[in-house]
Each structure stands twice: as C-alpha cells, then as structure tokens.
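Q: Mind having a look at this structure? Questions to follow.
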Amino acid sequence: MNFKRKETLTAYGFLLPNLLGLTVFVFVPMVYAFYVSLHDWNALSPKVFIGFDNYKKLAEDKDWWQSVYRTFIFTIIYVPLLVGSSLFFAVVMNNIKKKFEGLARTLFLLPFAITSVISAVIWMFLYDPRNGFINQLLDLLGIPTQQFLGSTSQAMIAIIIVILWINLGYNMMIFLAAIKEIPTDYYEAAQIDGATGWRAFWNITLPLLRPTTIFILIVTTIGSFQVFDQIMVMTKGGPANSTMVSVLYIYKQAFEFLNMGYASALAVVLFLIIFVLSLTQLRMYSDKD
Amino acid sequence: MTKNKRLLTIFTIACGILIVLPIFFLVISSFKAPEEVFKPNLNITKLTMENFEAVMEKNILRAIWNSLIVSTSVTVIALLFHSMSGYALSRLNFPGKNLVFGWMISTLMVPFTVIMIPLYMVTKNLGMANSYLGLIVPMIFNAYGIFLFRQFYKDFPKELEEAAYMEGLSIARTFFRIVLPLSKPMMIPLTIGFFTANWNNYLWPLIINQKEELWVVQVALANIVGGGYETSWSIVLAAALLCAVPTFIVFFSMQKYLVDGIKTSGIK
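Chains F and Z supply the protein sequences, listed in that same order. Each step along the first sequence adds one to the number in our numbering, with nothing skipped, and position 246 is 246. Each step along the second sequence adds one to the number in our numbering, with nothing skipped, and position 91 is 91.
What follows is the structure, given as structure tokens:
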C-alpha cells in the first residue's frame with residue numbers, strides 16, 4: 001500500500017469514533033426532533049402522525065409565548081449586565097497594583113469553582129424570606145423583609161444575580177487576557193497625543209476588544225436562551241410562572257406531562273429562535289465594520 | 001496617579017471579598033448547629049461536625065462517587081477521540097477533509113436543550129437509560145474539543161513527525177507515541193474544561209437516569225433542597241460543601257492552567 005492510501009485510511013480511522021458519535025448523538029437527534037414534532041406521542045403508546053398540528057397548537061399557546069417573552073427579558077437584562085460588569089472589572093483589574101492582581105483574580109474567579117446547583121443552594125439560603133442574611137441586612141438598614149424568590153416581581157432578578165455572580169469572574173478573565181495582548185506602545189503613542197484615561201479606553205481599548213466582546217455577547221446570548229439549572233432548583237418556574245423560561249417549559253411538557261411530540265415542536269421553534277438571533281447578532285456586528 | 005491606583009486596588013479587593021462572601025457563608029454555616037445557622041455570628045466554640053454525619057445518611061458520598069466516574073470517563077475518552085480527530089483534520093491529507101470538518105463544526109450550532117428530548121429517546125432505545133453508559137456516552141461527543149485540537153496541531157512542529165516517518169513508524173504510531181505525549185498544553189485546559197462541565201451537568205443526568213443509586217451530585221443535591229422544610233439548612237449547606245470539594249481541588253491545583261485555558265477559548 002502506498003503512503004497516500006495509508007494516510008487516508010488512518011485519517012478516517014482517527015475520525016471514526018467522532019463521526020459515529022456525532023451522527024448518533026447530535027445529528028440523528030436533530031432530525032428526529034423534527035420527525036417527532038409531527039406526531040402526537042406520550043412516550044408510552046405508539047406515535048400518531050398529525051402533520052403540523054403541534055405547530056398550530058404552539059402558535060396559540062399563550063403559556064409558551066410567555067415563556068419565550070420571559071427568556072427574552074432574562075437575556076436583555078442579563079447579557080448587558082454580564083458584559084458590562086466583566087469588561088469594567090477587567091479594565092480596573094489591569095490598573096491595580098500588580099502585587100494584588102493575583103489575589104483579586106482568585107477572589108473574582110472563585111465562584112467559577114462552584115457548580116450551578118450549588119450556587120442555587122447558597123443563594124436560596126441567603127435569600128431566605130424569614131431569616132436569610134440578605135433580609136437581616138435589609139432589616140439593619142430599616143428596609144422591610146423581602147420575599148425575593150417567593151415574589152413574582154423579584155424572583156427573576158434574584159436569579160439573574162446568582163447567574164451573574166457565577167459567570168462574572170470567568171468572563172472578566174477573557175477580557176483581561178485580551179486587554180493584556182494590546183501592545184503598550186499604542187497607549188504610549190496615544191499619551192503623546194494627549195489621550196489618556198477615558199479617551200484612551202474609548203479610542204484604543206474598546207475597539208481592540210471588539211472581537212472578544214462579540215464572542216462573549218454571542219456565547220452569552222445563546223447560553224441565556226438555554227437557562228435552566230438555577231431556575232429548576234430555586235423556583236421550578238414559580239411563583240405563578242414568573243420564572244417559567246422556555247427550556248423549563250419544554251422540559252415540563254416533555255418529562256412531566258409526557259407530551260413528547262408537542263415538546264419536540266417547541267424545541268424546534270426554540271432552535272429557530274436561537275439560530276435567527278445568532279445570525280442577526282453576527283450580521284449586526286459585522287455591518288459596523 | 002499612585003493614590004488613584006491605591007484606591008482602585010482597595011475598591012477591587014473589596015468587590016472581590018463581596019463576591020467570595022457567599023462561599024464563606026457556605027463554609028461557615030456548614031459547621032453550625034441547625035438552630036444557629038441563621039445567626040450572623042462566628043461562634044467558633046459552637047462549631048460542629050454533626051451536619052456532615054447527617055449528610056452521610058443522604059447518600060451524598062455515593063453521588064460524589066458516581067459523578068467522579070462519569071466526569072472522569074467522559075474526559076478521558078473525549079480527550080482521546082478529539083485529539084485523534086483534531087490531528088487527522090489538521091495534519092493528514094485525505095479526500096473529503098473539508099467536508100468532514102465543516103459537518104463536524106456545524107454540529108456546534110445545535111444547542112443541547114434543543115435535542116435533549118430526541119437524545120433521551122435515542123439513548124433509551126440503545127438500552128443505555130438508567131446506567132453509567134447513558135450518563136457517559138452521549139456526553140463524549142462535541143466538536144468544540146475537535147476544533148481546539150485541530151488549532152493546536154496546526155502549530156505543532158513538523159520535524160518530529162518527519163523524523164518518526166524516516167524511522168519507519170506508521171502514522172498511527174507516530175501520533176500515539178510521539179505527538180500525543182507532547183499534547184499536554186492542550187490536554188490540560190481541556191481536562192479542566194471537560195471535567196468541570198460534566199461535574200456541573202445537571203439537566204442530562206436529570207433526564208436520562210431515574211435510579212437513585214446512580215444519582216450524580218447535582219441531582220442528589222437538588223433533591224435534598226427540594227425535600228422541603230424537614231431538612232435543616234445547615235445539613236443542606238454541608239452537603240453542598242462536600243459536593244464542591246472536588247471542583248475546588250481542581251480549581252486551586254490548576255488555576256494557572258485555567259487562566260491559560262480561558263485565553264485559548266476566548267481569543268483564538
């Protein structure tokens with residue numbers, strides 16, 4: 001056998017496990033999701049083909065669109081908060097005394113060592129409506145006891161704070177790494193022109209961080225549309241559905257009510273929403289160039 | 001300027017301490033007696049181990065063991081498969097290369113939550129539900145690792161492989177004997193990434209496994225919290241602290257690499 005044939009054979013041998021795995025566990029499920037969405041199926045009895053009835057049903061499902069709306073609200077509040085605060089702290093971190101930078105980084109990054117369920121547990125304890133530390137602090141300040149996770153108006157914000165807390169340090173580190181890559185002569189040249197502080201940030205740092213910012217924006221937006229863990233543990237979508245986001249709604253339809261066909265139709269729609277959103281974002285950011 | 005710098009440093013450290021405070025409460029409250037848990041004091045003489053004894057009855061050690069098995073297996077197998085694929089896609093020439101790469105990368109567009117229902121059915125039909133296999137196998141395959149290994153091998157010095165071919169080693173042997181042992185700079189951040197991601201995984205184990213003896217930590221912990229008010233907060237927090245120990249170990253022993261890993265995933 002010549003080298004070329006051997007090379008081709010080895011290459012496909014090396015690729016085989018992933019080709020198989022990605023086919024069975026990603027590609028087939030993707031196609032299967034659409035197939036199942038055309039059926040009425042409760043996971044136990046045989047599937048009944050019903051065409052696009054599930055899609056007609058979901059178009060009129062108020063609870064579903066409300067969950068989509070809530071996911072949007074979550075995203076619109078969470079993403080700018082995360083990107084803004086992690087960029088802010090990255091810039092600050094880059095300007096503190098070098099002696100303390102390691103310590104500061106460790107402090108900010110520590111929540112990253114906590115899992116999402118553990119973060120939910122800690123904050124449920126802190127948010128406790130009767131004796132939680134946050135309510136004790138509010139009490140000291142003369143503010144009345146708050147329900148937090150038990151309140152329809154506060155639960156979503158309370159959850160956003162938890163997710164922000166766990167992700168801030170990690171995203172700050174991505175920004176910080178990008179800031180450190182900017183050559184210092186840029187700032188030195190700007191200094192000669194009289195541009196320091198805010199102006200240097202606005203004219204040098206921010207434009208050069210564009211690729212990093214876009215990366216974080218897109219990844220975080222896609223992640224926000226899939227938010228689940230903390231909500232499932234902390235509120236299960238309550239109180240009065242005020243934290244019922246799309247993925248939780250799909251999960252409940254599929255695994256609590258066993259409406260597998262209907263839940264699959266919802267998942268297909270969620271995919272389209274995420275897909276369009278990512279494309280729009282990519283478009284938006286590249287248009288500005 | 002220096003005064004500004006000092007203020008900025010104090011401000012940042014203060015924010016950092018505020019961020020760590022919830023973890024501090026987790027640790028301290030785990031050692032408090034149930035009736036003391038909501039008191040914001042630090043009465044060290046009253047600290048107790050009884051919460052951890054109560055946690056032992058809740059089978060949390062078994063869940064930690066399950067999570068260790070699942071996370072370690074996924075990480076080891078994924079690193080092997082992904083490095084092989086990444087190597088083939090960057091260093092070997094074969095017909096259909098771009099097609100295979102494009103197809104693999106396109107699977108990155110499919111979010112897990114979108115395919116979780118059919119993935120559950122596929123895994124169940126393969127007879128893997130309620131078993132370690134079902135927890136492990138579907139989590140191995142993702143194009144993310146393949147992509148990063150491909151980038152890594154692009155910058156890998158060619159001379160080593162050429163020398164190995166001159167010695168008469170086959171492509172496969174060259175990879176396993178020479179290239180793979182030198183792939184540590186990519187292996188370490190991905191080990192951290194895969195291990196923590198799988199340790200953190202809650203949704204998939206929740207769906208695919210109903211057996212209590214196969215509960216992973218996140219599911220077991222969520223069940224203790226969901227148990228209502230009969231479980232004291234001090235016991236819940238002690239359980240949470242135990243579940244956090246492995247990721248804390250990874251975090252503190254690998255922090256340097258973690259930062260490198262963040263750089264690779266963030267910029268390139």
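Cβ atoms here follow ideal geometry from the backbone N, Cα and C, with glycine treated the same way. Given the structure is predicted, the values throughout are model-derived calculations rather than measurements.
Could you check whether the segment 17-36 of chain Z touches the segment 175-184 of chain Z, counting it as contact only if at least three pairs of C-beta atoms, one from each stretch, sit closer than 8 Å?
A: Result no; under three Cβ-Cβ pairs closer than 8 Å.
Q: Rounded to whole angstroms, what is the Cα-Cα separation between F/I274 and F/I222?
A: Residue mapping note: residue 274 of chain F aligns to position 274 of the first sequence, counting from 1. Residue mapping note: residue 222 of chain F aligns to position 222 of the first sequence, counting from 1. Going by the C-alpha atoms only, they are around 6 Å apart.
Q: Are there 16 or more other CB atoms within 10 angstroms of the CB of Z/I17, so buried, or fewer, so exposed?
A: Taking the first residue of the second sequence as 1, we reach residue 17 of chain Z at position 17. With fewer than 16 other Cβ atoms within 10 Å, it is exposed.
Q: Does F/V117 come out as helix, strand or coil in the three-state DSSP assignment?
A: Residue mapping note: residue 117 of chain F aligns to position 117 of the first sequence, counting from 1. Residue state, collapsed to three classes: helix.
Q: Please list, in chain order, the chain F residues whose beta carbon lies closer than 9 Å to that of Z/V110.
A: Sequence index remark: in the second sequence, residue 110 of chain Z carries index 110 (1-based). Residues of chain F passing the Cβ test: V26, F27, P29, M30 and F271.
Q: Can the beta-carbon of F/A240 be found closer than 8 Å to that of F/T152?
A: Here residue 240 of chain F is taken as the residue at index 240 of the first sequence, counted from 1. Here residue 152 of chain F is taken as the residue at index 152 of the first sequence, counted from 1. Yes, the Cβ-Cβ distance between F/A240 and F/T152 is below 8 Å.
Q: For F/Y301, which of F/K62, F/D63 and F/L38 has the nearest alpha-carbon?
A: The shown model of chain F, from 1 to 289, leaves out residue 301 of chain F, and the question about it has no answer.
Q: How about F/I160 and F/F74: do their beta carbons lie closer than 8 Å?
A: Here residue 160 of chain F refers to the residue found at position 160 of the first sequence. Here residue 74 of chain F refers to the residue found at position 74 of the first sequence. Cβ distance < 8 Å, so F/I160 and F/F74 count as in contact.
Q: Mind checking if F/N2 is an interface residue toward chain Z, Cβ cutoff 8 Å exclusive?
A: Here residue 2 of chain F is taken as the residue at index 2 of the first sequence, counted from 1. No, F/N2 lies away from the interface with chain Z (no Cβ there is under 8 Å from its Cβ).
Q: Once DSSP output is grouped into helix, strand and coil, what is the label at Z/V250?
A: Position 250 of the second sequence holds residue 250 of chain Z. If DSSP states are grouped into helix, strand and coil, Z/V250 belongs with the helices.
Q: Quick check: what's the CA-CA separation for Z/G266 versus F/L44?
A: Locating residue 266 of chain Z in the second sequence gives position 266, where the first residue counts as 1. Locating residue 44 of chain F in the first sequence gives position 44, where the first residue counts as 1. Per-residue confidence for Z/G266 stands at a pLDDT of 46, beneath the threshold of 50, marking its modelled position as unreliable; the derived number appears in the next sentence. For Z/G266 and F/L44, the distance between alpha carbons rounds to 44 Å.
Q: Would the beta-carbon of Z/A244 fall within 8 Å of that of Z/I224?
A: In the second sequence, residue 244 of chain Z corresponds to position 244, counting from 1. In the second sequence, residue 224 of chain Z corresponds to position 224, counting from 1. In this structure, Z/I224 does not lie closer than 8 Å to Z/A244 by Cβ.
Q: Please decide whether Z/N93 counts as near chain F, where near means a Cβ-Cβ distance under 8 Å.
A: Here residue 93 of chain Z corresponds to residue number 93 of the second sequence, with the count starting at 1. Z/N93 counts as touching chain F.
Q: State the beta-bridge partners of F/V48 as determined by DSSP.
A: Taking the first residue of the first sequence as position 1, residue 48 of chain F is located at position 48. Answer is F/D40.
Q: At a CB-CB cut-off below 9 Å, which residues of chain A make contact with F/Y12?
A: Looking for chain A here will not work: the only protein chains present are F and Z.
Q: Check whether the segment 104-115 of chain F and the segment 129-140 of chain F are in contact - that is, three or more C-beta pairs closer than 8 Å.
A: Judged by Cβ distances under 8 Å, the segment 104-115 of chain F makes no contact with the segment 129-140 of chain F, as fewer than three pairs qualify.
Q: Against chain Z, which members of the segment 116-129 of chain F pass a CB distance test of less than 9 Å?
A: Here the close residues are S116, V117, I118, S119, A120, V121, I122, W123, M124, F125, L126 and D128.
Q: Just the Cα atoms here: how many angstroms apart are Z/F251 and F/F52?
A: To locate residue 251 of chain Z, count along the second sequence from 1; it is residue 251. To locate residue 52 of chain F, count along the first sequence from 1; it is residue 52. About 49 Å.
Q: Determine the extent of the alpha helix (DSSP H) in which F/T221 is found, giving its start and end residues.
A: As a working mapping, residue 221 of chain F is identified with position 221 in the first sequence. Where F/T221 is concerned, the enclosing alpha helix (DSSP H) stretches over R210 to S224.
Q: Am I right that F/R70 and F/M244 are in contact with their C-beta atoms under 8 Å? What's the rounded C-beta distance?
A: Numbered from 1 along the first sequence, position 70 holds the residue referred to as residue 70 of chain F. Numbered from 1 along the first sequence, position 244 holds the residue referred to as residue 244 of chain F. Right, their Cβ atoms sit about 6 Å apart.
Q: Is there a C-beta anywhere in chain F that falls below 8 Å from the one on Z/S253?
A: For the purposes of this step, residue 253 of chain Z is taken as residue 253 along the second sequence, with counting starting at 1. No, Z/S253 lies away from the interface with chain F (no Cβ there is under 8 Å from its Cβ).
Q: Give me the Cβ distance between F/L248 and F/M232, rounded to the nearest whole Å; I'm assuming they're in contact under 8 Å.
A: Along the first sequence, read from residue 1 onward, the residue named residue 248 of chain F stands at position 248. Along the first sequence, read from residue 1 onward, the residue named residue 232 of chain F stands at position 232. Yes, they are in contact, since the Cβ atoms of F/L248 and F/M232 sit about 6 Å apart, within 8 Å.
Q: Consult DSSP for Z/T191 and reduce its assignment to one of helix, strand or coil.
A: For the purposes of this step, residue 191 of chain Z is taken as the residue at position 191 of the second sequence. Helix at Z/T191.
Q: Taking C-beta pairs closer than 9 Å, name the residues in chain Z that F/L81 reaches, listed in chain order.
A: The count along the first sequence starts at 1 and reaches residue 81 of chain F at position 81. Near F/L81 there are no residues of chain Z at all, since even the closest Cβ is about 15 Å away, more than 9 Å.
Q: With H, G and I counted as helix, E and B as strand and the rest as coil, what does DSSP make of Z/G86?
A: Here residue 86 of chain Z is taken as the residue at index 86 of the second sequence, counted from 1. Looking at Z/G86 - three-state DSSP - the assignment turns out to be helix.
Q: Please compile the residues from chain F whose C-beta is within a distance smaller than 7 Å of the C-beta of Z/W199.
A: Position 199 of the second sequence, counted from the start, is the residue given in the question as residue 199 of chain Z. By Cβ distance, chain F contributes T115.
Q: Contact defined as beta carbons within less than 8 Å: I believe Z/Y153 pairs with Z/G86. What is the distance between those atoms, to the nearest angstrom?
A: Your numbering for residue 153 of chain Z matches position 153 in the second sequence. Your numbering for residue 86 of chain Z matches position 86 in the second sequence. Going by Cβ atoms, the distance from Z/Y153 to Z/G86 rounds to 6 Å, so yes, they are a contact pair.
Q: Apart from the five residues just before and just after F/S224, which ones in its own chain have a Cβ nearer than 8 Å to its Cβ?
A: Translated into the one-based positions of the first sequence, residue 224 of chain F becomes position 224. T71, F74, T75, Y78 and V79.
Q: Which residue's Cα is closest to the Cα of Z/I23: Z/L258, Z/I64 and Z/L237?
A: For the purposes of this step, residue 23 of chain Z is taken as residue 23 along the second sequence, with counting starting at 1. Z/I23 has its Cα closest to that of Z/L237, out of Z/L258, Z/I64 and Z/L237.
Q: Against Z/F176, what residues of chain F qualify as contacts under a CB-to-CB distance less than 7 Å, listed in chain order?
A: Here residue 176 of chain Z refers to the residue found at position 176 of the second sequence. Near Z/F176 there are no residues of chain F at all, since even the closest Cβ is about 10 Å away, more than 7 Å.
Q: Going by DSSP in three states, F/D193 sits in which element: helix, strand or coil?
A: Residue 193 of chain F sits at position 193 when you count from the first residue of the first sequence. Note: F/D193 maps to coil in three-state DSSP.
Q: Does DSSP classify Z/Y272 as helix, strand or coil?
A: Residue 272 of chain Z is absent from the model: chain Z starts at 1 and stops at 268.
Q: Whose CA, out of Z/F38, Z/L135, Z/T123 and Z/F11, lies closest to the CA of F/E101?
A: For the purposes of this step, residue 101 of chain F is taken as residue 101 along the first sequence, with counting starting at 1. Answer by Cα proximity: Z/F11.
Q: Buried or exposed: Z/S106, going by 16 or more other Cβ atoms within 10 Å of its Cβ?
A: Here residue 106 of chain Z refers to the residue found at position 106 of the second sequence. Answer is exposed; the Cβ neighbour count stays below 16.
Q: I need the DSSP call for F/L16, collapsed to helix, strand or coil.
A: Locating residue 16 of chain F in the first sequence gives position 16, counting from the first residue. Of the three classes helix, strand and coil, the one that applies to F/L16 here is helix, per DSSP.
Q: So, is the C-beta of Z/N256 closer than 8 Å to a C-beta in chain F?
A: Within the second sequence, residue 256 of chain Z is the residue found at index 256, counting from 1. Reading off the sequence, residue 256 of chain Z comes out as Lys, not Asn. So no, Z/K256 is outside the interface.
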